[in-house]
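The opening residue of the sequence shown carries number 944 in our numbering; numbering runs sequentially from there.
Ideal placement from N, C-alpha and C gives every residue a C-beta, glycine not left out.
This report concerns only the one structure given below.
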Amino acid sequence: MNKRFKLIITILLILLGIFVIFYPKLKPVFAAKQSSTESGGPGMGMARNLLNVSGFIITPTTMDELINSIGTLRPDEEVDLSFETSGKIIGLHFNEGSRVKKGDLLAKINDRPLQAQLQKLQAQIKLVEEKEFRQRSLLDKDAISQESYDQIVTELQSVQADINLILARIDETELRAPFDGIIGLRYLSEGSYATPSTKIARLIKMSPVKLELSIPDKFADEVRIGLPVVFSVDNKNYDASVYAVDPKIDLDTRTIVLRALYPNSREELKSGRYAQVTLRLNQIKNAVSIPSEALIPEMEGEMVYVFRKNRAEAIKVTTGLRTESHVQIAEGLNFGDTLIVTGILQLRQSLPVVLDTLISN
């Protein structure tokens, strides 16, 4: 009796051990059967576990290679007006903020001493001219030597040169507008003493206006004259084009300076203002373009997933132009392919998926 009891206890312990060991492995089977029964069969359970994804149908796209930068508006011409000589200002012939034409007299320095010298030389040259006339008549009659006549000619030329010098110095006492523009604020009053280093006023020409900007040196080979530029000031857009490129790269900032020109015929844009600038370096038509988030980097390159026959298929691709939101695919995809753009991290090759949404380009 005692032996039989021990045998029964031993058998029960063995069965209990077997149950403890194999129950965790059998539990998923029972759970799967229960799930299948509750969902109406095996097919319904699998459909419920499939990954839902969104697709992007690839269509021909025009892509622009753009650079965004900050630019500064500069006048077409700008100069600080000053005299070429020193003296007392006897006249200011402009109003602050007024428009002037090239050659307009803006200011005048006292030139009375020079005018007196000019009158003296003009009287002197008359005498020398009369003397030269008489000497030439005598030379024609062989009454004087050629050397004597040459001396009076030299004297005449010397007096004429002195007159030209005085006239040039008188011109230096007049301050004239070097180009059409707008006069700024004046810094001196009539009666002030001016020197060549004294700034009288500033003259600015704002039509057209120049837009100056810098871009990274890696784009230096792509920049060319005539490139279109769009810039905005106070949320208003303006179209310009590149007319000059600095041939030297700034070694401190590793940038290259460009200048674009805008007509500014109404002169609504003012010098010194900042502008948001977009420069279009290149344009690709009929490009295969995909959203950047759909591209998966790998050790050997890059790949994407496309939707084919209700499964996710991994495709290796070669990329080209990149923008802020899209990437050009040079090789690997074709127009009409459906790109998977959601659930990227959960995808693997040939994984069954459900396409529930199509996203437009």
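Check	Outcome
Reduced DSSP category for N1053 - H, G, I as helix; E, B as strand; rest coil	coil
6 Å Cβ shell around Q1292 - same chain, five flanking residues per side excluded	A1257
DSSP three-state assignment for D1189, whether helix, strand or coil	coil
When I1233, M1242, D1189 are compared against V1249, the one with the closest alpha-carbon	I1233
Selection from F999, V1043, I1106, V996 that minimises the alpha carbon distance to K1148	V1043
Which of helix, strand or coil DSSP assigns to E1115	helix
Endpoints, beta strand (DSSP E) assigned at Q1289	Segment: none, Q1289 is in no beta strand (DSSP E) and carries neither H nor E.
Distance CB(A1230)-CB(T1002) smaller than 8 Å	no
Chain-order list of residues whose beta-carbon lies under 7 Å from that of G984 (same chain, five-residue window excluded)	With a pLDDT of 46 at G984, under the threshold of 50, the predicted position of this residue should be treated as unreliable, though the coordinate-derived value follows. Excluding sequence neighbours, G984 sits near nothing in its chain.
Cβ-Cβ separation, L1264 to M1006 (assumed contact under 8 Å), whole Å	6 Å
Cβ-based burial, G1014 [other Cβ within 10 Å; buried from 16]	buried
Other residues of its chain near I1239: CB distance less than 8 Å, five sequence neighbours each side excluded	E1245, M1246, V1247, Y1248, I1287
Burial state of A1086, where buried means 16 or more other Cβ atoms lie within 10 Å	exposed
Cβ shell of V1200 (< 6 Å), same chain only, five flanking positions each side left out	S1157, D1189
Those residues which DSSP pairs with T1262 across a bridge	I1272
Minimum C-alpha distance to Q1219 - residue among A1273, K949, L1016	L1016
Of the residues K1074, D1193, I1032, V996, the one placed nearest V1096, counting alpha carbons only	K1074
For F1250, the residue or residues it bridges with in DSSP	A1255
Sequence-distant residues of its chain with Cβ nearer than 8 Å to L1057 (five each side left out)	I1109, R1112, I1113, T1116
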